[in-house]
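Structure first, then comments.
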Amino acid sequence: MDAVSASPTPAARVGRAVRVTGPLIEADGVPDVAMGEILRMGAGGISAEVVGVDGARATMQAYEYTGGLRVGDPAAGTGQPLTGLFGPGLLGHAFDGLMRPLSSAPLWLRPDRPGDDADGIRSHRWTFVPAVAAGDTVGEGDVLGTVPTTGAVEHRVLTPAGCAGTVERIAAGEVGELDAVARVSGRDVHLSERWPIRRPRPHRERLTDPVPLHTGQRVLDLFFPVARGAAAAVTGGFGTGKTMLLQQVAKWCDADVIVYVGCGERGNEMADVLDDLGRLVDARTGGRLVDRTVVVANTSNMPMMARELSIYTGVSIAEYFRDMGHDAVVIADSTSRWAEALREFANRRGDLPAEEGFPADLASELAAFYERAGRVTTLGGQEASVTVIGAVSPPGGDMSEPVTTISQRFVRAMWMLDRDLAYARHYPAVHWSGSFARDAAGLARWQTVHGDPEWAQRRARALEVLAEADRLESLAEVIGVSSLPGRERVVVLGGRLLREGVLAQNALHPNDATCADAKGAALLDLVLDVIDACHAAIARGVSATALERVDMGPVIRAAQDGGPEDATAIAATRERMLDAIRRVS
Amino acid sequence: MSGDGRAPSWAAGEPRVAHRDVQAIRGPLLVVGGVDGVGWDESAQVATEEGVRHGLVLELDGDQATVQVFEGTDGLVPGAIEVRFAGSPLRVPVGAGWLGRVCNGRGAPLDGGPPVTGDRLEPVAGWPMNPVDRDPPHEPVLTGVSAIDALTTLVRGQKLPIFSVAGLPHLALATQIAAQATSAGTRFRVVFAAMGLTHADIAYVRDRLEERTSSGELVLILNAADDPAIERILTPRLALTVAEHLAFDDGADVLVVLSDMTNYAEAVREVSAARREIPARRGYPGYLYSDLASLYERCGRVRDRDGSVTIVPVLTMPAGDITHPVPDLTGYITEGQIVLSPEIAARGVYPPVDTLGSLSRLMRHGAGARRTRDDHLDVAAQVLAALARARQSAALAELVGAAALGETDRSYLAYREELERELLDQGDAESRSLEETLDRAWTALATLPRQELTMLSPEMIRAHLELPDEGVDDA
Ligand SMILES: Nc1ncnc2c1ncn2[C@@H]1O[C@H](COP(=O)(O)OP(=O)(O)OP(=O)(O)O)[C@@H](O)[C@H]1O
Ligand SMILES: [Mg+2]
């Protein structure tokens, strides 16, 4: 047992339930009840968190189905906030919103299943490799030792925050999941740490210069990039491809650790993520992708308030790995379901609703969540980050609804998925006019320093062509494309090449699922050069019709011709195409 | 459809304390005072002079319990009723005893048979399935309907709704699927639940499903338009509880058809309004998403176990509006959608599936090599891409006149006609094998110039279009 859970329960503090309506419970008479405290309700002892105290009455949100709970049932204080066990058993596994392991849970999730510290669940033995020796001096956040795990992510056991001094004892070799591995200036440090799920983990300071997170998705990396430690959101109506895009990022981005939070979404998708990641190989490490991933699954039919919690569970797990010096990405699908849980509870509590029934503090809740993203110097002095990427599911695809508009204010990048693009099977359906990347300028500087000074210019030109092509296409719909002057017909053609040859990316094609920066840049150069060549041809007096007859298939297929890292094949295509266009008369 | 009014025997439970202190009746809700020791979500019986009604505890506050009455509160007089609480959530018997039966929306027999009994009782709300125990769906359910099998393949364990508009033949399609669907090499069972259908529709459903019902493969659970509206909240849960146990205990592949979910959602809205809850959109409660998910998420497959639950909800979009909360929230939960379109119906095509607006998200896992046929996914992609192109040609024809179209555009228009005639249009009792369906797709594709078939490999084209003895190139 570790220190916190082993502490003796204070004298029983038991009150009585007086009201039960779904996940909302009220209880009277729990002495000294504290906000955020967990109470155990009824004979089954289901967990409920105190969210309001009024005199002797506590209002709670229950994390389980409350069926069978009666007025008069005991409400027992635990004196503890909701905690999770953070340790080496996280990577490669799935947990529910309360951070209980799902792999050891039964097929049907009834409320009476065991907690995360029940006998047997935490029986795994690990090997602890010390990094310090007895007598050494350590500061908070310093590495005490490492634990080899299945994947490539080094699991580091750190000196906890607020702890420093002389190492009095240090373990080596086999240890249990709940064992102490060191003693530092009178304090035991355990292999696994119990931490309040909602509480942000401390760091030294925030870093502000942007460094890109490479996602492997061209439309993001070339046009709407996200920086490490930034927050991003993807929004769009149902079926526009939010989940597919997030799963692609989870698979291919160049972070060390992924925390994938299925928040109020489909069970089959969670099974699919686990299955897929279990099969895919991480090109950077050679291990399986699942070994750098933690899945937090609270599907739409699991208890509603645990869904609300699952977002924080995900961020806290990511911060845990950040503190070890890793770059972590939290993917939350979907933050709208989390907001709905907030709304549901606020309504039951009788709070005055703001827009569309959402509570008035929705904006501050969302802001606080996105603010947990950041690139920081850790307590141990390492640079590390938590990037947060959330899906937003606007009702009716209406982008003026509260969760979308609020998210827009707080994220650094917004990827707007367009129903018409998805309908035309253009994936990822990220729309170039509705999306934004606030860090684009900063990231352009990074690209310049790191060998690609053209990055910003290429992006600006392509966005310009896309916007003009959009305008001309709606005009062409009315007057027919053949009525446009030659130069404009080339722009329309260019828009199509950019969309089909660069922006569209087939998640299911092994060559195209992910794309290296160099290959993306080469593809974009290819299309821009083809457009330039076409303009030159028009200036030479070539007809637009003749140009439109050139087989542009090689441009459109270029992305799939070579592997994800292969930019050389594209250069060859470029020469061939430019030559073909030069020969048009 | 209230049947013979007899309560199903399993609803009787043991005798309990009778509560007579009914303090308020509000819409479908009763507020009962002097309650002690009653649990939240416990089932209740409301005894009146005419018979027994059934309810659920929605809220406990001090000694008051708010009870939702499935049969509605019409005719209830506060002083003349007794409420008894069952000590458990609402449970129903499960087992093979349901097969071949026709019951009302609460499970009481409508077929003149005895009340349904089972091996044991299970709560109608079910339990969430542990997501790590799910097996991602990967085998097809074949419906015999070409538009679905070819282009939006239904996969065992999937939830795939039919979005329709009042007046379109969605009930014909839903019953056709229920009557014809099969899964290769396994036992296939169907649970068909009707919510708020007219008596004419119910007679139609019973007639269309008669054969499969009498052969003991199908369960019919029927809530009619003039049955209590609140009963509709129970009906799909009953259907799914029966289905889950046929699937995960008995190993059958079970298809659950739920029609019409718009009526169901209205019942949810009615209860919410009676509770004076703050509505989210168009009067529907904010929890409609979670409520619908608690039904649709009961589909799936379990790792290392036989059996599956596949759900096909049918709903009519009010005023054809896909952004209406019921289709919208459904679309956010289900794995794709099959959309029916009035324009296509007007062209005389049955089923009037808007193939471009429809999508089966799991099709790529459940169709193709080793699932259906090697060429399936490529053929489907080509059919749809060509159809999208044909639509542009049709728009152009409207602008410049069909006569002014180029040869390619004209061949696309011919393709669309051929596709509708060969593949998409079908008799409402005609069941086609997958072979026939895909061969018909090839016949339609054959009307296009070969160089337009960019999504098909030359080998495939040779195998299907250039061997005269295959008999598919004779169109
Ligand atoms: N990048 C992609 N490549 C190929 N197909 C895609 C891609 N993105 C989306 N799709 C197609 O669109 C379907 C829906 O995508 P997805 O599940 O990601 O939508 P969503 O926006 O998450 O919807 P919901 O809000 O209902 O969860 C997928 O099943 C797939 O068929
Ligand atoms: Mg999704």
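Residue numbers (the working numbering), protein chains in the order written: chain A, 1 to 585; chain B, 586 to 1060.
No residue lacks a Cβ here, since even glycine has one placed at the ideal position from N, Cα and C.
These numbers were taken from a predicted model, which means no experiment stands behind them.
Worksheet item: Does LEU944(B) get closer than 8 Å to chain A when you measure Cβ to Cβ?
Response: yes
Discussion item. For a cutoff of 8 Å on Cβ pairs, would you count VAL968(B) as touching chain A?
Written reply: no
Worksheet item: With C-beta atoms as the reference, is ARG1025(B) less than 8 Å away from SER731(B)?
Response: yes
Discussion item. Can you tell me whether PHE670(B) is helix, strand or coil according to DSSP?
Written reply: strand
Discussion item. Assuming HIS639(B) is part of the beta strand (DSSP E), what are its boundary residues?
Written reply: 637–646
Worksheet item: Would you say TRP108(A) faces chain B, with C-beta separation under 8 Å as the test?
Response: yes
Item to complete: At 7 Å on the CB atoms, spell out the chain B contacts of GLU308(A), in chain order.
Response: Residues of chain B passing the Cβ test: none, with the nearest at roughly 12 Å.
Discussion item. Please state the DSSP three-state secondary structure of HIS450(A).
Written reply: coil
Practice prompt. Look up THR377(A) in the DSSP assignment and give the residues it is bridged to.
Written response: GLU205(A) and GLU383(A)
Worksheet entry | DSSP beta-bridge partners of GLY77(A) | LEU39(A)
Practice prompt. Using a Cβ-Cβ cut-off of 8 Å, state whether THR908(B) counts as contacting chain A.
Written response: yes
Worksheet entry | Cβ-based neighbour list, GLU500(A), same chain, cut-off 7 Å, excluding 5 preceding and 5 following | ILE556
Discussion item. Taking DSSP's pairing of strands, which residues face ASN689(B) in a bridge?
Written reply: LEU807(B)
Item to complete: With DSSP as the reference, please indicate the residues paired to CYS263(A) in a beta bridge.
Response: ASN298(A)
Fill in: chain B within 8 Å of VAL18(A), Cβ atoms only
yes
Worksheet item: From PHE777(B) to GLY692(B), what does the alpha carbon distance come to, in whole angstroms?
Response: 12 Å
Item to complete: From the DSSP output, read off the bridge partner residues of PHE436(A).
Response: MET414(A)
Practice prompt. Put VAL189(A) into one of helix, strand or coil per three-state DSSP.
Written response: strand
Worksheet item: Cβ of GLU265(A) within 7 Å of any heavy atom in ligand 2?
Response: yes
Worksheet item: Pairing CB atoms from the stretch 433–446 of chain A with CB atoms from the stretch 207–215 of chain A, are three or more of them under 8 Å?
Response: yes
Practice prompt. Please indicate yes or no: does the CB of ASP606(B) lie closer than 7 Å to some heavy atom of ligand 2?
Written response: no
Worksheet entry | Those runs of the alpha helix (DSSP H) which lie wholly inside the stretch 300–352 of chain A and span at least 4 residues | 304–323 and 335–349
Worksheet item: Any residues in the stretch 291–307 of chain A with a beta carbon nearer than 7 Å to a beta carbon of chain B? Which ones, in chain order?
Response: ALA297, THR299, SER300, ASN301, MET302 and MET304
Practice prompt. Between the Cα of ARG888(B) and those of GLU816(B), GLY921(B), ASP906(B) and GLY742(B), spot the shortest distance and give me the residue it belongs to.
Written response: GLY742(B)
Discussion item. Assuming VAL709(B) and TRP683(B) are in contact, meaning their beta carbons sit under 8 Å apart, how far apart are those beta carbons, in whole angstroms?
Written reply: VAL709(B) to TRP683(B), Cβ: 13 Å. No contact.
Discussion item. When you measure from the CB of THR243(A) to every non-hydrogen atom of ligand 2, does any distance come out below 7 Å?
Written reply: yes
Worksheet item: GLY399(A) and ALA341(A): beta carbons closer than 8 Å?
Response: Sequence check: residue 399(A) is Met here, not Gly. In this structure, ALA341(A) does not lie closer than 8 Å to MET399(A) by Cβ.
Worksheet item: If you measure beta-carbon to beta-carbon, which residues of the stretch 254–273 of chain A are closer than 8 Å to chain B?
Response: GLY262, GLY264, ARG266, GLY267, ASN268, MET270, ALA271 and ASP272
Worksheet item: How many Å lie between ALA859(B) and LEU614(B) at the Cα?
Response: 7 Å
Discussion item. Using a Cβ-Cβ distance cut-off of 8 Å, determine whether ILE733(B) contacts chain A.
Written reply: no
Worksheet item: Which term fits ILE479(A), buried or exposed, when burial requires 16 or more other beta carbons within 10 angstroms of its beta carbon?
Response: exposed
Item to complete: May I have the straight-line CA-CA distance separating ARG601(B) from GLY664(B), to the nearest angstrom?
Response: 19 Å
Item to complete: Give the secondary structure of ASP28(A) by DSSP, where H, G and I count as helix, E and B as strand, and everything else as coil.
Response: strand
Fill in: Three or more C-beta pairs below 8 Å linking the stretch 830–840 of chain B and the stretch 761–779 of chain B
yes
Discussion item. Any beta carbon of chain B sitting closer than 8 Å to that of PRO23(A)?
Written reply: no
Worksheet item: In whole angstroms, what is the alpha-carbon distance linking SER978(B) and GLU473(A)?
Response: 16 Å
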